[in-house]
Each structure stands twice: as structure tokens, then as C-alpha cells.
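For reference, the structure is listed below as C-alpha cells.
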Amino acid sequence: MIYLIDHQDSFTYNLAHLLENFDDVYVSNYFKINNEKLRQSSLVVFSPGPGEPKDYPKSNSLYKKLKGKKKLLGICLGFQLILYNEKGIITPQKNIYHGFQSKIKVLNTSKLFKKNGYFIVGRYHSLKLNEPYHSKEIKITMRCMSSKVAMAVEDHKNKIFGFQFHPDSFLTHNGKQLIQKIISA
Amino acid sequence: MLNNREYLNRLFESDKPLIIYKDTNGYSVYTDLSDKIIIRKSNINNFIKKTLSSKKIKNKIFDGYIGFFGYEICCELIGVKIPRQRNNSFPKSIFYKPQTVIKMNNKIFIESTLPNFRYFKDLKKTNKKFYYKNNFNVNLSLRQYSNLFHQFSKKIRQGKTYQIKICQKYRNKSKIDSVKFFWKLMKANSSPESFLIRDKNYSIISCSPETLIEKNKDKIITKPIAGTLKKTSKTSLNKAKVFFKDNKKENKEHNMIVDMERNDLSRICRSGTVKIEKIKFVEEYKDLYHYVTKITGVLKKTTKIINIIKAMMPGGSVIGCPKINTLNLLNNLENDSRNIFTGSFGYIKSNGDLRFNIIIRSLLNYKDICEISVASGIILGSTAKKEYQENYIKAKSLLDIFKS
Chain A
1 MIYLIDHQDS FTYNLAHLLE NFDDVYVSNY FKINNEKLRQ SSLVVFSPGP GEPKDYPKSN
61 SLYKKLKGKK KLLGICLGFQ LILYNEKGII TPQKNIYHGF QSKIKVLNTS KLFKKNGYFI
121 VGRYHSLKLN EPYHSKEIKI TMRCMSSKVA MAVEDHKNKI FGFQFHPDSF LTHNGKQLIQ
181 KIISA
Chain B
186 MLNNREYLNR LFESDKPLII YKDTNGYSVY TDLSDKIIIR KSNINNFIKK TLSSKKIKNK
246 IFDGYIGFFG YEICCELIGV KIPRQRNNSF PKSIFYKPQT VIKMNNKIFI ESTLPNFRYF
306 KDLKKTNKKF YYKNNFNVNL SLRQYSNLFH QFSKKIRQGK TYQIKICQKY RNKSKIDSVK
366 FFWKLMKANS SPESFLIRDK NYSIISCSPE TLIEKNKDKI ITKPIAGTLK KTSKTSLNKA
426 KVFFKDNKKE NKEHNMIVDM ERNDLSRICR SGTVKIEKIK FVEEYKDLYH YVTKITGVLK
486 KTTKIINIIK AMMPGGSVIG CPKINTLNLL NNLENDSRNI FTGSFGYIKS NGDLRFNIII
546 RSLLNYKDIC EISVASGIIL GSTAKKEYQE NYIKAKSLLD IFKS
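So the protein lines, in turn, are chains A and B. Residue 98 in the numbering used here sits at position 98 of the first sequence, and the numbers go up by one each step. The numbering used here runs 185 ahead of the 1-based position in the second sequence.
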């Protein structure tokens, strides 16, 4: 089972349908976690949502609790939430990307995706990861080709993955393939 | 006995409660409203149950309830609170059961469950005194609007909302002949989801272009609009298509609404059935062009009518995104109750089929006040003055009927 933690976003159920291609999906609000379902899940997904990671103390402590024990995936806000808990700084960016389609490139650091390959993806974010960012375990694995903003991370030791963009958006090509790689990682 | 045309004219000139709703080929008029239900959060489930359990389909054209859900009840149903706002205690939601339906296409076709509907005594000319003033008060001055605009722009930069729409109201003192006003409006600007409700103590007129829900059996359709281009002597359908295609701002806004509506349908539809059937097409109206997408899905077997209402209302394209947080921001900063505005008008048939629009470009005449509501979106890169003006353009077609 996949547990999808909803931060009351208006895109969460697009993600739920995308994930349902691979397994049963259980969705709940971030403040109403079902521990039994959580225990049964092999993948826990932190959904997109408004605001920034520090607005969600419950999700932050859940992340810390699950790190290393379950495979984790963060999308948009969920991506930022991972980095925020791994000493990253989330800051406003000059240009705001809401409903924006970008070309992003896979870096040499990726173990999941073909190096130097690229994806067309949909973006909805006001904030970004402040760089330089260094972590022993988490590697930045994709970047926007024009703005260079970090778009994906992989941590194979703890099985933690994140996308700043939305694989669930209709603007994203091959969203299913992106999720497939996470499922089989 | 009155013939169809005479009957219809007498009906319009009377003050008998009636509803007019635009359909594909013309208009439907609903009258002899036998049951009127004021709906609250506490009785909505019973109301839906009652609608669906009405026994025999006596009326071939229409069997069910027709009416509106105001903005406030839509919020309440999804657990969004509204702090104290100025309001005129207008009901949050009212539905009616019509016994007579008149189809106005090229011909007039009447069907009624009442044997002698043409003879009713109440079909005499109204003796109400109609009047109206031409000057309108606006609830937000440009300064107040700018203030809200800047507060919301900041929220967008912080990622608290991705898009948000501020409502503005124009009010005057009046008691209008709503049927006359409605036909004047239809002549000037007949849009596919236009409607009128005339009851004893209020009337509502709207030239809404937007279909929120069209449900037939287990298939559901929504047609969000995001993007408007005003017609001028220089515009044409082809130029409008190019304008929308090349305009980054309009496309970004539209993309967001498409993903949000896909999401809302995905809450209630079977996995993998939510499809964009027709993307980013241009619809032409008398005064403007709209940028539209059609999204469809197949409902889950477990989805009930109330789930559909809660998933889809209030309609995302007129609120902003993400819905819950944006509603909370709006409700905390808007001082005036939205009343009907950005709620939904439509019907629930006894077989479970639905049609609902989004109430925009609307006028509510209640307690001798006319209230015209419009809204436009806060977009980074736009200016308060421009959006303030945009609101006036949207209100204009309704304001103009007071002058003609």
C-alpha cells in the first residue's frame, strides 16, 4: 500500500490517481494520520501544499520518525519538507513558477534516471531550495535547464526521494515513468 | 383558454415565482413551484434523499429540484469557516420543485403535472411598483482594493496561495422587474449558463458562462474557464486563439485551473478515468472570448450526490488555488458576505442526474437593494488598478441594463 499524506492541496488527488497505477493508495490529511494504514504501507508520500515546511510541524516529525524505516517520496512542498529536515534552507525565488512548464535535466548524481536525459514537467512553486546545499546522503539529481533550480533529490541509503515539480500535472510528460522508477528503487 | 404564447406572456407579467434557465437550444421556464426548501448544512442530506426518492416520474421533461447553493454553504460543507461578515441575512441555499416546465425554442412547448395550469387565478398582472437608481455604490474603493491586492500578492510570494480572486460589489437601491431585466440581459449577453430566479421577496439574475457539473448517469463533465479577452473591432476568433496561445500569463493561470479541476474530479471518479477531453479551446460570446477546457470522468460506484457537491463546490476557477487555504485567506480578508456569488445554480433530478453552473456576473435583488458581484484574479505582474478596472468591465453588462 502507498500512504499519501495530504497537505490540503488542490493537486493531491491527481497524484493519488497516478500512484494507483502501481498499488492501493490511502489518502489522509496531514493532521489525521491513520497509524495502522501507515504501518501497512511500503511507500509514504508527502503531498504538495500551500506554505512552507515549517508550517507543518506534524509532517516534519513524521518525516523524522519514518526516515530510514520506510521508503519516502516528497512532491513540491513534500520535496521542500525533506530538504528542510536535512538542514536545507527553503527561500522565496525571484520568478514564481505556477502552472509553468519547464525542461529539466538529469544530472550525473542520479542512480534512477538516465544521465543527461531530460524531462518536460509542470511546476507550481513559489519557494525553492537555497544553494549551495551539501549533504552526505541526499544528492540533487535534476535541475531546471534555464533557472538551474534543484528539481529532484535521491538518497539511496535511506530510500528518500523528492520532486520539486509535479509528476501528477497534465503539463508533465511521462509522469507515470517517473513514479515507476521510485516504486522500483 | 390562453394559447402557449399568451400564457407565457401573462406568466412573465405576473409576479408568480418562476425560474428561467438557458439550455442548448433556447430556454426552459420552470413554474408552479410546489415545494420550496431552504437548505442548511443540517438538512442537506435529507433534501437530497427526498429528491432522489420522489416516486413516479410524472413529468417527462423534468422531475427534480432546481435552485442554488450560495457560497457560504459550499464552504461550510467542506469545513471552511467564515468569520463574521456584513450580510443581509439572505438564505444560504433554496431549492424548488417545479410542476410546470415550458421549453422555449423556436416553438413553445409546455408540460405540466397540473391539469388546469393555464387557468390559475394568480396569473394576473403584477401590481408591484418597480424602481431603480442609476448610481451604484462600490463596496471597495480603489485604495481598499489595492490594499487587499498587496496583501494577497505577498501571500502568493510566500506560497500560501498560487492564485486568488477578490470579490467586489456594486449596490443600488431598487426593486427591479426581473423578467424584463433578464431578457434585456439575454439580448445583450446570452451566455450558456444564464438563469433567473424570481420569487416573492427576491430575484437573482446571472449571465454565467461556466458549467461546473454536468452529470448523466455515471459520467461527469466540468468545463472550467480561465482566460478572458474583450472583443473589439480588431479582434476575431482566430486572433483570439493566437492571443491565448501566445499569452504566458493566461496559459499559466489556465494550466493551474485544469490541474485543480482534474484533482476535484479525481476525488470522486474511478482511478484512471479522469481525462482532458478538449484542451484550451476558445468560446466566442457577444462581448468577449473565453479560454475553456473540458474535463470528464467516470464516477466511482460509491460516490454520492453530496460527495460530488463537496468535491466540486465552490467551483475552483473563481476562487483560486489551492482551494482550502485560498478560501480561508479570502474569508478572513473579505468583509462582505458573497451571498450567492461563486455559489452554484442548477438542478438535481430524481434519477440522480445533475447540472450546476458557477454563479458569476450575478445580480441579487433583495430587500430593495440590487447587489452586483464580480471578481478578478490577483496575479503577480498585474497591477491593482488594472484588476480593479477589469472588475468594472465584468460588471458592465449588468450595470448597463439599468441604463437601457
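Think of the CB as a built atom: it goes at the ideal place given N, C-alpha and C, for glycine as much as any other residue.
- Item | Whole-angstrom C-beta distance between Val214/B and Ile246/B, which should lie under 8 Å | Rounded to the nearest angstrom, the Cβ distance from Ile246/B to Val214/B is 11 Å, too far for a contact under 8 Å.
- Task: Would you mind sorting Glu395/B into buried or exposed? The rule is 16 or more other CB atoms within 10 Å of its CB.
- Result: Burial is judged here by how many other beta carbons sit within 10 angstroms of a residue's own beta carbon; Glu395/B has at least 16 and is buried.
- If we count the other Cβ atoms within 10 Å of its Cβ and call it buried at 16 or more, is Asp6/A buried or exposed? Result: buried.
- Check whether the Cβ of Cys506/B lies closer than 8 Å to any Cβ atom in chain A. Put simply, the CB of Cys506/B is near chain A, with a gap under 8 Å to one of its CB atoms.
- Query: Name the residues in the region 9-22 of chain A whose C-beta lies less than 8 Å from a C-beta of chain B; which are they?
  - Reply: For the region 9-22 of chain A, which is checked against every Cβ of chain B, the residues closer than 8 Å are Asp9, Ser10, Phe11, Thr12, Tyr13, Asn14, Ala16, His17, Glu20, Asn21.
- Query: Using the C-alpha atoms, what's the distance from Ser535/B back to Arg383/B?
  - Reply: One C-alpha to the other measures close to 23 Å.
- Item | Cβ-based burial, Leu36/A [other Cβ within 10 Å; buried from 16] | The residue asked about is misnamed: residue 36/A is Glu in this sequence, not Leu. Glu36/A is exposed by the Cβ-count criterion.
- Query: For Thr478/B, is the classification buried or exposed, using 16 other Cβ atoms within 10 angstroms of its Cβ as the cut-off for buried?
  - Reply: By the neighbour-count rule (16 or more Cβ atoms within 10 Å), Thr478/B is buried.
- Query: In chain A, which residues lie with their C-beta within 7 Å of the C-beta of Ile509/B?
  - Reply: Within 7 Å Cβ-Cβ: Gln8.
- Item | 8 Å Cβ cutoff met for Tyr355/B and Ile557/B | For Tyr355/B and Ile557/B, yes; Cβs fall inside 8 Å.
- Item | Residues that Val503/B contacts on chain A, provided the C-beta gap is smaller than 8 Å | Within chain A, no residue has its CB atom less than 8 Å from the CB of Val503/B, the nearest being about 13 Å off.
- Item | Check whether Tyr124/A and Gly88/A have beta carbons under 8 Å apart | No, they are not a contact pair.
- Message: Within the continuous alpha helix (DSSP H) that includes Cys454/B, where are the two ends?
- Response: No alpha helix (DSSP H) contains Cys454/B, which DSSP labels as neither H nor E.
- From Ala186/A to Leu112/A, what does the alpha carbon distance come to, in whole angstroms? Residue 186/A lies beyond the residue range present for chain A, which begins at 1 and ends at 185; the question has no answer from this structure.
- To the nearest angstrom, report how far apart Gln101/A and Asn95/A are at their CA atoms. If I take the Cα positions, the gap works out to 13 Å.
- Excluding the five sequence neighbours on either side, which residues of its own chain have a C-beta within less than 6 Å of the C-beta of Gln93/A, listed in chain order? So the list reads Lys128, once near-sequence residues are dropped.
- Query: Under a Cβ-count criterion, where at least 16 other Cβ atoms within 10 Å of its own Cβ denotes burial, should His156/A be classed as buried or exposed?
  - Reply: Answer is exposed; the Cβ neighbour count stays below 16.
- Query: Just to confirm, are Lys70/A and Val45/A a CB contact at a threshold of 8 Å?
  - Reply: Contact: no.
- Query: Would a C-beta distance cut-off of 8 Å place Leu422/B and Ser582/B closer than the cut-off?
  - Reply: No; because the gap between Cβ atoms is not below 8 Å, this pair is not in contact.
- Task: Give the DSSP-derived three-state secondary structure of Tyr56/A in the structure shown.
- Result: Residue state, collapsed to three classes: coil.
- Grab the span of the beta strand (DSSP E) containing Asp6/A for me, first residue to last. Note, Asp6/A: beta strand (DSSP E), 2-6.
- Message: For the region 464-476 of chain B against the region 360-378 of chain B, do three or more pairs of beta-carbon atoms, one drawn from each stretch, fall closer than 8 Å, so that the two count as touching?
- Response: The region 464-476 of chain B vs the region 360-378 of chain B: in contact.
- Across which residues does DSSP place Lys365/B in a beta bridge pair? The beta-bridge partner set that DSSP reports for Lys365/B is empty.
- Who are Gln348/B's beta bridge partners in DSSP? Gln348/B has Cys506/B as its beta-bridge partners, per DSSP.
- For a contact meaning CB atoms closer than 8 Å, what does Tyr30/A contact in chain B? Those within 8 Å of Tyr30/A in chain B number zero; the least Cβ separation is about 12 Å.
- Item | Under the three-state DSSP convention, the category Phe280/B falls into | Reduced to three states, the DSSP call for Phe280/B is strand.
- Proximity winner among Ile341/B, Pro283/B, Lys588/B, Asp553/B, relative to Ser126/A (alpha-carbon distances): Of the listed residues, the one whose Cα sits closest to Ser126/A is Ile341/B.
- Item | Sequence-distant residues of the same chain with beta carbon closer than 7 Å to Gln284/B, five excluded per side | These residues qualify, in order along the chain: Asp217, Ser219, Ser297, Thr298, Leu299.
- Message: Helix, strand or coil, according to DSSP, for Thr396/B in the structure here?
- Response: In the structure shown, Thr396/B sits in a strand (DSSP, three-state: E or B).
- Could you check the C-alpha separation between Ser502/B and Lys136/A for me, to the nearest Å? One alpha carbon belongs to Ser502/B, the other to Lys136/A, and they sit about 43 Å apart.
- Message: Buried or exposed, going by whether 16 or more other CB atoms sit within 10 Å of the CB of Arg269/B?
- Response: Its Cβ having fewer than 16 others within 10 Å, Arg269/B is exposed.
- Message: Our contact map puts Glu572/B next to Ile563/B with C-beta atoms below 8 Å; I'd like the distance itself, whole angstroms only.
- Response: Cβ-Cβ separation between Glu572/B and Ile563/B: approximately 7 Å, consistent with a contact (criterion under 8 Å).
- Task: Report the rounded CA-to-CA distance for Leu565/B versus Pro507/B, giving the unit in angstroms.
- Result: Rounded to whole angstroms, Leu565/B to Pro507/B spans 16 Å at the Cα level.
- Item | For Lys404/B, the three-state DSSP class (helix, strand or coil) | In this structure, DSSP gives Lys404/B an extended state, which the three-state scheme calls strand.
- Query: Can you name the start and end residues of the beta strand (DSSP E) that Arg383/B belongs to?
  - Reply: In this chain, the beta strand (DSSP E) harbouring Arg383/B covers 380-383.
- Which residues DSSP lists as bridging Tyr206/B, in chain order: Beta-bridge pairing by DSSP links Tyr206/B to Ser213/B, Phe380/B.
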